[in-house]
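Heads up, the sequence shown is in the numbering used here, so the first residue is 579 and it goes up one at a time.
We treat Cβ as the ideally placed atom computed from N, Cα and C, and that holds for glycine.
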Amino acid sequence: MERAKGERLLLMASPLQGHITPLLNLAEILFSRGFSITIVHTLFNSPDPSSYPHFDFHAIADGISHAEASTLDGLHLSDLINVRCKDPLEEYLAAVLSQSKERVPCFIADASLLFIQPVCHHFKLPRLVLRTGGASSFLAFASFPLLRQKGYLPIQESRLEEPVLDLPPFKVKDLPKIPSQDPEAFYELVCRFVESCRASSGVIWNTFEELESSVLTKLRQDLSVPMYPIGPFHKHFLTSSSTSFTSLLAPDKSCMSWLDTQEHRSVVYVSFGSVSTISKVEFLEIAWGLANSKQPFLWVVRPGLIRGSEWLEPLPSGFLENLGGRGYIVKWAPQEQVLSHPAVGVFWTHNGWNSTLESICEGVPMICTPCFADQKVNAKYASDVWKVGVDLQNKLERGEVEETIKKLMVGDEVNEIRENALNLKEKASVCLKQGGSSYSSLDSLVSDMLSLECSTSKAH
Ligand code: UDX
579 MERAKGERLL LMASPLQGHI TPLLNLAEIL FSRGFSITIV HTLFNSPDPS SYPHFDFHAI
639 ADGISHAEAS TLDGLHLSDL INVRCKDPLE EYLAAVLSQS KERVPCFIAD ASLLFIQPVC
699 HHFKLPRLVL RTGGASSFLA FASFPLLRQK GYLPIQESRL EEPVLDLPPF KVKDLPKIPS
759 QDPEAFYELV CRFVESCRAS SGVIWNTFEE LESSVLTKLR QDLSVPMYPI GPFHKHFLTS
819 SSTSFTSLLA PDKSCMSWLD TQEHRSVVYV SFGSVSTISK VEFLEIAWGL ANSKQPFLWV
879 VRPGLIRGSE WLEPLPSGFL ENLGGRGYIV KWAPQEQVLS HPAVGVFWTH NGWNSTLESI
939 CEGVPMICTP CFADQKVNAK YASDVWKVGV DLQNKLERGE VEETIKKLMV GDEVNEIREN
999 ALNLKEKASV CLKQGGSSYS SLDSLVSDML SLECSTSKAH
């Protein structure tokens, strides 16, 4: 196993929970292989340096307030970051590359940070891309020009059930979609972000070969840059929960004691991640579906989850009390710990990539309710390819919710799904051991980074 010495890596995440966690986990992995680490970050949603005394941090003044961010969709937030962060990053790199006593072999940046490519190019600093989502969703993004040419995009309501012949196993309804006033801008951003990966010195993936092997093979041909599937990142270390450090919201750990009081595999854990929102009507259908299923449930209702509400106001008074302790609601949970708790039987998820991977790593079957972007692709894979979940996206209605929960908790179907989930869990664990696919890929990454030529580092 090769180790770095006297080498400093600069890393930068997109400032959203689903991107910050994998980047910090990647930084930990590379630190454990001898690299010194500097996390470059926006002031907006900045990570907490006190959790990482062994890293250096450098903040970039982005001028984005929470008030401003709350009025923007993901697309416009991304635009703003790409415009406002370029000059400050250029100034910072000029200083760091001329002063660093250590060699800086490359910059590792989230795939969506497009402004980093020209800045690195200017300094002739090699750039590696971190793709925090799955390879399958990336392939769907990379196929956008073809899908447009063949008329599958923009998505037409009348064609939702039509198979996408050029991109199995998808139907039109499974293609990535973002709720934006400006779908054309989304299309453009996606094309630029795929091109930016193609122009990089390599792509690091939070996935593993055995999970997405055929897609990774296709992407290797298509991108023609080195590929490093070294995930699942959060399982590289034995310590149980990486998100207890990377979380932007404080997890409510009281739910762990509640889980301790529940029977083995009896609890439905419900969370739709850090960005998705639902309507009041959908919230109430979920609430009644959970109540009517008669299963215990742990539900993350993030402040802001319900459009137009602060928190739980739409819930009928006495709702939880009438369940006699069968329901537990928190604003934010220690998700990795929750999923590894023996009482959890099912994860009802929006299929953000991190949640999907965390569920796979614990062998927990999923109920899939994707909302936007890559989530539809991840959900399709969970239910139809890996067969570790069931789909619940067409009708968020209490009867349907109750029936789906029962199907996964007590029906015959669950045995096969659970067996598939446990098989995948095993593969996710084996790939990280010596000789495993992610272990070997990490070796290649470290060795390739050590041999990268950087013309600007003072130390070399
Ligand atoms: C976003 C996008 O929505 C998603 O589609 C993309 O794949 C990544 O970026 P997010 O919606 O937050 O992410 O979902 P996800 O990727 O699942 O990440 C959520 C993270 O927050 C997970 O690591 C999860 O463990 C953590 N989490 C979530 C908690 O720690 N506590 C919670 O209560 C809920």
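I'd like the ranges of any alpha helix (DSSP H) spanning at least 4 consecutive residues and lying wholly in the segment 628 to 659.
For the segment 628 to 659, whole alpha helix (DSSP H) runs of length 4 or above, ordered along the chain, are 644 to 648.
Considering S849, what are the terminal residues of the beta strand (DSSP E) in which it resides?
Looking at the DSSP string, the run of the beta strand (DSSP E) that includes S849 is 845 to 849.
Three-state secondary structure (DSSP) at S614?
Residue state, collapsed to three classes: strand.
Considering only C-alpha positions, which residue in the set L691, A639, G882 is nearest to D657?
Nearest of L691, A639, G882 to D657, Cα basis: L691.
Let me know the alpha helix (DSSP H) ranges lying completely inside the segment 650 to 715, each 4 residues or longer, listed in chain order.
The qualifying runs are 652 to 662, 664 to 677, 694 to 701.
Do you know how far the Cα of N623 is from the Cα of H644?
So the two alpha carbons sit approximately 8 Å from each other.
Which residue or residues does DSSP assign as beta-bridge partners of G967?
M944.
Between the segment 886 to 896 and the segment 994 to 1007, are three or more C-beta pairs nearer than 8 Å?
Flag = no, the segment 886 to 896 and the segment 994 to 1007 do not touch.
Is it right to say N900 is buried, meaning 16 or more other beta carbons lie within 10 angstroms of its own, or is it exposed?
Exposed, by the Cβ-count rule.
Looking at the secondary structure, which residues open and close the alpha helix (DSSP H) in which C625 lies?
According to the sequence as given, residue 625 is Pro; it is not Cys. Per DSSP, P625 belongs to no alpha helix (DSSP H) and is neither H nor E.
Cα separation between S721 and G641?
Near 34 Å, if we compare the C-alpha coordinates of G641 and S721.
Any idea what DSSP makes of V988, helix, strand or coil?
In the structure shown, V988 sits in coil (DSSP, three-state: anything other than H, G, I, E or B).
Determine the closest residue to L868 out of K664, K984, C1009, with distance taken between C-alpha atoms.
Closest by alpha carbon: K984.
I'd like to know whether the C-beta atoms of I782 and I756 end up nearer to each other than 8 Å.
Their beta carbons are not under 8 Å apart, which means I782 does not touch I756 by this criterion.
For A777, which residues in the same chain have their Cβ closer than 7 Å to its Cβ, ignoring the five residues on either side in sequence?
Hits under 7 Å: Q695.
Output the distance between the C-alpha atoms of T1043 and L706, rounded to the nearest integer angstrom.
Only positions 579 to 1038 of the chain appear in the structure, and residue 1043 is not among them; the question remains open.
Taking the runs of the alpha helix (DSSP H) that are 4 residues or longer, which of them lie wholly in the segment 1004 to 1033?
Listed in chain order, they are 1015 to 1028.
Going by the CB atoms, is the gap between L655 and A647 shorter than 8 Å?
Yes, they are a contact pair.
If you draw a straight line from the alpha carbon of H814 to that of T795, how long is it in whole angstroms?
Rounded to the nearest angstrom, the two C-alpha atoms are 24 Å apart.
Alpha carbon to alpha carbon, how far is P874 from L862? Give it in angstroms, no decimals.
So the two alpha carbons sit approximately 17 Å from each other.
CB-CB under 8 Å to R581, same chain, minus the five flanking residues each way: which ones, in chain order?
Excluding sequence neighbours, R581 sits near R611, G612, V1024.
Please classify E994 as buried or exposed, where buried requires at least 16 other C-beta atoms within 10 Å of its C-beta.
Under this definition E994 is an exposed residue.
According to the neighbour-count rule (16 or more other Cβ atoms, all chains shown, within 10 Å of its Cβ), is P881 buried or exposed?
Per the 10 Å Cβ criterion, exposed.
Under three-state DSSP, which class holds H619?
If DSSP states are grouped into helix, strand and coil, H619 belongs with the strands.
Please say whether V924 and C567 have beta carbons closer to each other than 8 Å?
Missing from the structure shown is residue 567; the chain here goes from 579 to 1038 and no further.
What do you get for W626, buried or exposed, if any count of 16 or more other CB atoms within 10 angstroms of its CB means buried?
A quick correction: the sequence has Asp, not Trp, at residue 626. D626 should be labelled exposed.
To which residues does DSSP link W783 through a beta bridge?
For W783, which the question treats as bridged, DSSP gives the partners R709, P807.
Is the beta carbon of C949 sitting closer than 8 Å to the one on A960?
Going by C-beta atoms, C949 is not nearer than 8 Å to A960.
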